[in-house]
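> Chains as they are written, first to last, in this note's numbering: chain E, 873 to 1202; chain G, 16 to 216.
#1: How should residue 1126(E) be labelled, buried or exposed, when 16 other C-beta atoms within 10 angstroms of its C-beta is the threshold for buried?
#2: Considering just the uninterrupted stretch of the beta strand (DSSP E) at residue 932(E), what are its terminal residues?
#3: Measure from the alpha carbon of residue 946(E) to the alpha carbon of each residue in 1003(E), 933(E), 938(E), then state which is nearest.
#4: So which residues on chain E does residue 79(G) lean against when the C-beta distance must stay under 8 Å?
#5: For a test of the three-state rule: what should DSSP assign to residue 921(E), helix, strand or coil?
#6: Measuring straight from C-alpha to C-alpha, what distance separates residue 953(E) and residue 931(E)?
#7: Could you tell me the boundaries of the beta strand (DSSP E) in which residue 1087(E) lies?
#8: Determine the direct distance from the alpha carbon of residue 112(G) to that of residue 95(G), and round the result to whole angstroms.
#9: Using the beta-carbon count (16 or more within 10 Å), is residue 218(G) buried or exposed?
#10: Tell me, please, which residues DSSP counts as bridged to residue 1124(E).
#11: Helix, strand or coil for residue 188(G), going by three-state DSSP, please let me know.
#12: Please report the distance separating the alpha-carbon of residue 879(E) from that of residue 1198(E).
#13: 8 Å is my cut-off, CB to CB: does residue 878(E) come that close to chain G?
#14: Ordered along the chain, which non-local residues of its own chain (more than five positions away) have a Cβ less than 8 Å from that of residue 1084(E)?
#15: Considering only the beta carbon of each residue, do residue 73(G) and residue 61(G) sit closer than 8 Å?
#16: For residue 165(G), which option in 76(G), 97(G), 102(G) has the closest C-alpha, if you only look at C-alpha atoms?
#17: Applying a beta-carbon distance threshold of less than 9 Å, which residues of chain G neighbour residue 921(E)?
#18: How is the beta strand (DSSP E) around residue 1060(E) delimited, first residue to last?
#19: Using Cβ-Cβ distances below 7 Å, what residues of the segment 977 to 1002 of chain E are close to chain G?
#20: Looking only at C-alpha atoms, which of 875(E), 1172(E), 1163(E) sits nearest to residue 1187(E)?
#21: As a quick exercise: from 992(E), 958(E), 1030(E), pick the residue whose alpha carbon is nearest that of residue 1010(E).
#22: Quick one: is residue 171(G) near chain E, going by C-beta distance under 8 Å?
#23: Look at the alpha carbon of residue 965(E) and the alpha carbon of residue 143(G), and state the distance between them as a whole number of angstroms.
#24: What residues are listed by DSSP as bridge partners for residue 1104(E)?
#25: In the segment 1123 to 1195 of chain E, which residue ranges form an unbroken beta strand (DSSP E) of at least 3 residues, counting only runs that do not cross its ends?
#26: Determine the chain G residues that contact residue 1104(E) at a beta-carbon separation under 9 Å, and present them in chain order.
#27: By DSSP, does residue 937(E) sit in helix, in strand, or in coil?
#28: Is any beta-carbon of chain G found at less than 8 Å from that of residue 1110(E)?
#29: Give me the DSSP bridge partner(s) of residue 67(G).
#30: How would you write the range of the beta strand (DSSP E) that residue 977(E) sits in, first residue to last?
#31: Please go through the same chain and pick out, in chain order, the residues whose beta-carbon is closer than 6 Å to the beta-carbon of residue 131(G), but skip the five residues on each side of it.
#32: Looking at the structure shown, is residue 1003(E) part of a helix, part of a strand, or coil, going by DSSP?
#33: Should residue 117(G) and residue 986(E) be called a contact, given that it needs their Cβ atoms to be closer than 8 Å?
#34: Who does residue 1049(E) pair with in a DSSP beta bridge?
#35: Looking only at C-alpha atoms, which of 972(E), 903(E), 907(E) sits nearest to residue 874(E)?
#36: For the segment 1087 to 1100 of chain E and the segment 1112 to 1122 of chain E, state whether three or more C-beta atom pairs, one from each stretch, are separated by less than 8 Å.
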């Protein structure tokens, strides 16, 4: 790691002001950041540590109206263990948190850090490779290179995938995120955190310099809501997904009255699939229906040389997640 | 900074000695007094002294802002139980307990550990007195090359402290961040089970 100045702010406003300075990065637990700093992919002059703002930024609160606010500095272990996520409506998020990385990582890694972690593409994460997204070369090397963990959907000039487990689960729950920039507090839809145009030249999130994610809010879920998160991966634990899917179903009298479906690990951003979810609404759960939904979820996919398996496996994950949701098995 | 017991000139102490010479000649910031960074402040990029609460006693150690907790423990405090293997949070060899939960010391900045209660594998032995978990590791032959063992012991300890009498599933869940290339997992779980049965935490 290159030497840097370590800033300990006392308030959010102070943190935001410090983070606006040039060559400065924000740090939660630093699980991903320290990794990249060791690799010298990121060599900031100043690191603003958000951990002292624990009181303002960490913790889980259930409001009187049934919405749940998760502080950005809440650890994945806290999500995994908190009683608020034991309900079927929020079980998908809990599964996503509980299956991320290893216990050691979950004990420190934060919710915002999970959402904002840099892609795991092995070309961009290695200084030796002159790749487009890293600003080190003219082309995406994964597009024609070793791309078995890369995108099959929604890619343009860069085939990285978004690595967050929590993002699909949170998007399926229609989460909002709140940020602070200077003394301005803003709440937006979580999908706005990710670029609408995920080209190589664009950053992986839409935050401005100095803008700090402070919390995530989940709206109250209607009666009969169940969420399920599932993924395929090469190792049972401590691995990133090769494909992931989060679904939210609202069931009333055996009929699906509302549905959301979000794919993870297959595109440069976590990918809501509204066309696929629409097929579920007003229907009774069945294997035939779920097969059709899975096909639609992956409609328009363009696999690369080594990752066509993601279509077969990914559709199976979608079907599995839907089967579990319809049977009330979170 | 505590002075480690004199063990003669080892490769480690030799390297440390030469590192100190290197620092003296490059003229980094003079060390300030031991600090508890709770006030708004900035530190670095040079060296300064912090206080870490390790195994129940406060110990002063000189660090840079970029020093990881693992390096501070191993090189600064001579607590070499936690191992630096992958240095990227992938293997669990550097596992220590921070406020009672297992963390990767290699992915934690030493500065971030100020104010937290740290427990390292060294706390489990005191001269000839050995923690029951360590005893059971020996009795169950839960190690082969032994390199992952300190981390494995700390994750096992966290598992026992959290669960009391963990099931096999819970043990697998709690140990899933520790890699052992010799494949001792089964015997590690046996050691945890024996310790739990005897009521040791």
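Ideal placement from N, C-alpha and C gives every residue a C-beta, glycine not left out.
Remember, it's a predicted structure, so these values are computed and weren't measured experimentally.
In short, the structure shows the following:
#1: exposed
#2: 932 to 934
#3: When each option's Cα is compared against that of residue 946(E), the closest is 933(E).
#4: 875
#5: strand
#6: 12 Å
#7: 1084 to 1090
#8: 15 Å
#9: Lying outside 16 to 216, the shown extent of chain G, residue 218(G) is not represented and no answer is given.
#10: 1127(E)
#11: helix
#12: About 49 Å.
#13: yes
#14: 884, 887, 888, 891, 898, 922, 944, 1051, 1052, 1053
#15: no
#16: 97(G)
#17: 52, 124, 126, 127
#18: 1056 to 1061
#19: Cβ contacts with chain G: 977, 979, 980.
#20: 1163(E)
#21: 1030(E)
#22: no
#23: 47 Å
#24: 1115(E)
#25: 1127 to 1136
#26: Near residue 1104(E) there are no residues of chain G at all, since even the closest Cβ is about 17 Å away, more than 9 Å.
#27: coil
#28: yes
#29: 74(G)
#30: From DSSP, residue 977(E) is part of no beta strand (DSSP E) but of the alpha helix (DSSP H) over 975 to 978.
#31: Only 113, 114 meet the Cβ criterion.
#32: Correct three-state label for residue 1003(E): strand.
#33: no
#34: Partner(s): 1060(E), 1088(E).
#35: 907(E)
#36: yes
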